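Reading through the C-alpha cells given below for one structure.
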RNA sequence: GGUGGGUUCGUAUAACGGUUAGUACUCAAGAUUCUCAAUCUUGCAAUAUGAGUUCGAUUCUCGUACCCACUACCA
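Residue numbers (our numbering): 23 to 608.
Structure (C-alpha cells):
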C-alpha cells in the first residue's frame, strides 16, 4: 500500500536556524512537494535548559522568507499550532506541549523488556566518567556497565519500587541488546551495519522534568504523525541504530520511515562544520535573517545583506545536490520538479561566497526595472533622497526638476529617473544596494571634490583573495593604478590646462546639442565633434568623466549626460575645473 | 581512544567499469571601448595514497593518510 508522503522538519528552538538547517528544511520541502506530500514543522523543545526565546519565531520567519511554507504544524499567521484541527490533526506540534503522551510509550518498552529504570544520579555518572578518564578509558552506560550500576535490572523489585516513588531523578534507559548487528539502509548512503556492542543505553525519559529525550520523542512523534521519510543532518547517523531498535521494540517496523542523512555544511576553509561565528570571521552571513542574541551580539543575515530569497534558496539547493544536468539557475518550481535524494552528495559542502554573489547577480538581472526601483527606494531614502511618484505634486511642493526628472539641489527625483539609472547600471551590480555604490554620482553632484574622488576611488571593487588558491605563474604583478584610490595628488595625470579646454569645449557642445537625446546619438555626436576638433579622444572623454563623476571609472560619458542633463553637466564641469585648478596650483 | 561517515581542478559538481576526465564560480589573457564594468573568445587548474579484482578502475574490494560527525538526564 502506497502511503502519502509526509516529511517533517524538526528544529530545536535553541537559537537561530543557520544555513545548514535551512538547507535541511529545504530538502525536506522539495522532497515533499516532489512527491505531492506534506511538509510538517515540529518543534523539538524537550530540553528546557536550552530554550531560547524568539528562536521558534525566527525559524518560522526564516523559512517563510525562503518560501518554504509548511503544510502542517504552523498556521497562516506563522504560529505553531496548539490545538488539533482538520488541517493540523496532530497538534500540538511543540513537544513540550505533548509531554503527557511519551511516558506510556516508555513504560510499554519496560513492560516488554526493552528498557529499564536507572537510578544513577547525574553526579554519580559524572564520577564514573571521571574515574574512567583517569584510567585512560571512556565510561559508557552499556550492556556491561549496567550490570554494576543502580537500575531496575540489578536492584531487587521492592527497592526499585521504593526508589520510583521516593526519588525524582531517575530515568528510563533503552536496554541495548548484546552483540546484534543492526542492518540499516540510508537513502543517500546506502547500506550500513553496526554492532550493538558499540552502542550505549540511551536515556529515553527523565523523571526530573517528565520529558522524553530526543530519541523517544522523535520516534514516537514520527510514528504518530505518520512520517514516511526522515531527512536530517549527518550528525544523527550515529543514533540511527538506536532508532531502528526503537521502531522494532515498539513493533512499528512495518510503518518505519525511510531515512536520509544529509552531509553537513563546512566552514569555507573545510575544517569543521559551519558555526555561527564563522560568518563574522569569513565575511559572510551564516544565518538567513539577522539575529540578536540575548547578550546583544548581532549576527548578520542573508536577507539584511541584500540577498534575494530566490537566490539564497537556489544557491543552497545546489550546495550538495544537482539536477543531473548543467542547469544552475533554478526557481523553486524547477527545484521541486527535479529534486531527488539519490542525487544528494555524500560529502560535506563548503560555502563559496563568490558563487553566492553570482547567484544574486543573476537573479537581480532577471528582475524588472520597476521592481528594482521599488527595492532601491529605501536605500535612496537612507541616503537622503526623496523619490516621488507624482512629479506634478512635487513641483507644487517646491521641487525644481530638470529636463531629466531630477532636482539636484533638493535631492528630489522621479520614479522615472530611478528606472533610468537602474536600466543603465543593472549589469554592473550584484545587490540592490550596489546601485548607490556604483552610481551615486547620478544622484548627488560632487560636493567636496577631492574627497569625493578619494571616496569614489576607494569604492572600486576589491578583488577577493582565496588563500588556498595556488598563484597563477603567468599572472602579472597587480597593477595598483587600476584599483588604488584616486588621490588628489594624482590630479595632474588626469587633468591639466589642455584637458580643461577640451572638456570645456565639449560641455559647450553638449549644451547646444539639440538632436536626439539618447546616449547612442549623443555619444556619436560627441565623438564626431572631438575628432573634428582634432583632440585626443581619451583625454577629452576621460576628463569629462572625471568632472562628472569625480572618478576615473564609470559609465559612458554620454550615458551620464543623458541621465543628469545639460545644466548639471555644465555645473559639474565649472565646479570641477575650479577645484582641480586649485589642486594643481597647490 | 572507540564507532560511523566521507575524499574528482581553489570552490560547487558531472562522468552504464571504456571520455582528450565535462560544466559553473573564481582567476588569467585576448577581443571590444572614452575609462571601469558588462559581454564574447581562449586559457590555468582535479580523480588523496598503496595494493587487489579486471583486457581496462574516478567508478568495485582491502589497507593507509587526511577530514567530519557521534561518543550527555542536548538536540
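The C-beta atom is built at its ideal place from N, Cα and C for all residues, glycine as well. Everything numeric in this text was worked out from a predicted model, so none of it was measured.
Query                                                                                                                                                                                    : Result
I need the boundaries of the beta strand (DSSP E) containing residue 193, first residue and last residue.                                                                                : 193-196
For residue 50, does the count of other Cβ atoms within 10 angstroms reach 16, so buried, or fall short, so exposed?                                                                     : buried
Just to check my reading of the structure: residue 249 and residue 96 have Cβ atoms closer than 8 Å, yes? What is that Cβ distance to the nearest angstrom?                              : Actually they are not in contact, since the Cβ atoms of residue 249 and residue 96 sit about 16 Å apart, beyond 8 Å.
Rank 134, 599, 113 by C-alpha distance to the C-alpha of residue 529 and give the top, closest one.                                                                                      : 599
In the DSSP assignment, the beta strand (DSSP E) including residue 222 goes from what residue to what residue?                                                                           : Segment: none, residue 222 is in no beta strand (DSSP E) and carries neither H nor E.
Please state whether DSSP places residue 37 in a helix, a strand or coil.                                                                                                                : coil
According to DSSP, is residue 248 part of a helix, a strand, or is it coil?                                                                                                              : coil
Please say whether residue 407 and residue 457 have beta carbons closer to each other than 8 Å?                                                                                          : no
Report yes if the CB atom of residue 195 is closer than 8 Å to the CB atom of residue 149, and no otherwise.                                                                             : no
Is it true that the CB of residue 436 sits closer than 8 Å to the CB of residue 453?                                                                                                     : no
Less than 7 Å between C-beta atoms, sequence neighbours within five positions excluded: which residues of the same chain meet that for residue 487?                                      : With a pLDDT of only 37 at residue 487, under the threshold of 50, the placement of this residue in the model should not be trusted; the figure read from the coordinates follows. So the list is empty, once near-sequence residues are dropped.
Using the Cα positions of residue 70 and residue 218, report the straight-line distance between them to the nearest angstrom.                                                            : 30 Å
Need the endpoints of the beta strand (DSSP E) that residue 365 sits in, please.                                                                                                         : Element bounds for residue 365: n/a, residue is neither H nor E.
Whose C-beta lies closer than 7 Å to the C-beta of residue 86 among residues of the same chain, with five residues either side of it excluded?                                           : 100
Quick one: what's got a C-beta closer than 6 Å to residue 151's C-beta in the same chain, skipping five residues either side?                                                            : 161
Is the beta carbon of residue 532 less than 8 Å from the beta carbon of residue 588?                                                                                                     : yes
Once you ignore the five residues that flank residue 356 on each side, which residues in its own chain have a CB closer than 6 Å to its CB?                                              : none
Given that a residue counts as buried once 16 or more other Cβ atoms are within 10 Å of its Cβ, and exposed if not, what is residue 109?                                                 : exposed
Given that a residue counts as buried once 16 or more other Cβ atoms are within 10 Å of its Cβ, and exposed if not, what is residue 263?                                                 : buried
Name the DSSP beta bridge partners of residue 214, please?                                                                                                                               : 206
So, at 6 Å on beta carbons, what are the nonlocal neighbours of residue 201 in its own chain, with the 5 sequence-adjacent residues on each side left out?                               : 219
Kindly list the residues whose CB is nearer than 8 Å to the CB of residue 147, restricted to its own chain and excluding five residues on each side of it in sequence; keep chain order. : 161, 163
Decide if residue 183 is buried, meaning its Cβ has at least 16 other Cβ atoms within 10 Å, or exposed.                                                                                  : exposed
Can you check which of these residues, 392, 404, 518, is closest to residue 443 by C-alpha distance?                                                                                     : 392
Entirely within the segment 98-155 and at least 3 residues each: give me those beta strand (DSSP E) ranges in chain order.                                                               : 137-140
Go ahead and pull the three-state DSSP assignment for residue 295.                                                                                                                       : strand
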